[in-house]
């Protein structure tokens, strides 16, 4: 019986479109300072291309242009917003299930969720920087299962990336939902791995659960 629903954050609950655009613009400006004729659109397209190959898009897009990582602009969360109706969807799901988060995020995640007005929906928040493991390391999911003391089969994980979200969640035995938001649709499909459900947006969850 399904008892827990866990979410990724970036491009799942939170729309990072403006954040990616700002980052691509900052990267292109820095690259031009070092003699690389790269537009923001070029850099963003490179991130999408690398994601489709199963590579980390932010780190590897920068590395593709041959400059050291220490001069790469810093990724931050400026410009992120909640996807439409997230609070309504969480309120609906929280009536039947316990909700949690498993995410590769920096410290301060709870404060960001509080600022969005959705912190109170979550019974457990597992943040990679605080725990010491990062997805796709299954240790982050194993840690979560120890905290909730529930069988993996009673847990569902929702994320936008096949490599970082769906694959490790399935490896520990969780059910999965692949949400086609953000840069997620551009990520390569993992051979032999399919999510239990695929949805176009979070509001589709209300048709499933």
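Residue numbers (the working numbering): 2 to 210. Virtual Cβ for every residue (Gly too), placed ideally from N, Cα, C. Keep in mind the model is a prediction, meaning the values are calculated, not measured.
message: Tell me the rounded alpha-carbon separation between residue 98 and residue 175.
response: 15 Å
message: Can you tell me whether residue 21 is buried or exposed? The criterion is at least 16 other CB atoms within 10 Å of its CB, across all chains shown.
response: buried
query: Under three-state DSSP, which class holds residue 159?
result: strand
query: Of the choices 40, 11, 37, 66, whose alpha-carbon is the least far from that of residue 51?
result: 66
- prompt: Taking the continuous beta strand (DSSP E) assigned at residue 199, which residues delimit it?
  reply: 198–200
- request: Kindly indicate the opening and closing residues of the beta strand (DSSP E) around residue 8.
  value: 5–8
- prompt: Helix, strand or coil for residue 143 per DSSP?
  reply: Residue 143 falls in the helix class under three-state DSSP.
task: Return helix, strand or coil for residue 164, following the three-state DSSP convention.
output: If DSSP states are grouped into helix, strand and coil, residue 164 belongs with the helices.
message: Using 7 Å as the threshold, is the C-beta distance between residue 183 and residue 12 below it?
response: yes
field: Backbone secondary structure at residue 298 - three-state DSSP
entry: What is shown of the chain runs 2 to 210, which leaves residue 298 out entirely.
query: What first and last residue would you give for the alpha helix (DSSP H) that runs through residue 59?
result: 58–65
task: For residue 167, I'd like the list of residues in its chain whose CB is within less than 7 Å of its CB, leaving aside the five on either flank, ordered along the chain.
output: 160, 177, 179, 194, 196
field: Neighbour-count burial assignment, residue 2, 16 or more Cβ in a 10 Å radius
entry: exposed
Exposed unless 16 or more other CB atoms sit within 10 angstroms - verdict on residue 69: That one is exposed.
query: Can you give the beta carbon distance from residue 134 to residue 125, rounded, assuming they're within the 8 Å contact cut?
result: Actually they are not in contact, since the Cβ atoms of residue 134 and residue 125 sit about 15 Å apart, beyond 8 Å.
task: Could you say which of 139, 143, 157, 149 lies nearest to residue 165 if we only look at CA atoms?
output: 139
query: Cα separation between residue 23 and residue 143?
result: 34 Å
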